[in-house]
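As structure tokens, the structure follows; a few thoughts come after it.
In UniProt numbering, the protein residues as written are 1 to 67.
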């Protein structure tokens, strides 16, 4: 009898998990990591949950201009 979960591929890492991993590898403080993630989250919500890969520089500049 085969186990179904043995054939499953690992899920791809989400954007904020990737950011968190990168900041930890670079030895940023936990508080800095949380601040960066909070700013990224705010930017995504400001643009109606649009993924950052689908945004361009004007979107980020617009967000920073508003805040």
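Where is the CB? At the ideal position from N, CA and C, for every residue including glycine.
CA-CA distance, residue i and residue j?
i, j, result
"residue 30", "residue 8", "32 Å"
"residue 61", "residue 45", "15 Å"
"residue 38", "residue 11", "23 Å"
"residue 26", "residue 51", "24 Å"
"residue 67", "residue 19", "22 Å"
"residue 33", "residue 24", "8 Å"
"residue 58", "residue 21", "27 Å"
I need the boundaries of the alpha helix (DSSP H) containing residue i, first residue and last residue.
i, result
"residue 67", "Neither: residue 67 is in no alpha helix (DSSP H) and is coded neither H nor E."
"residue 32", "30 to 46"
"residue 54", "Residue 54 -> no alpha helix (DSSP H), and no H or E assigned at all."
"residue 24", "15 to 25"
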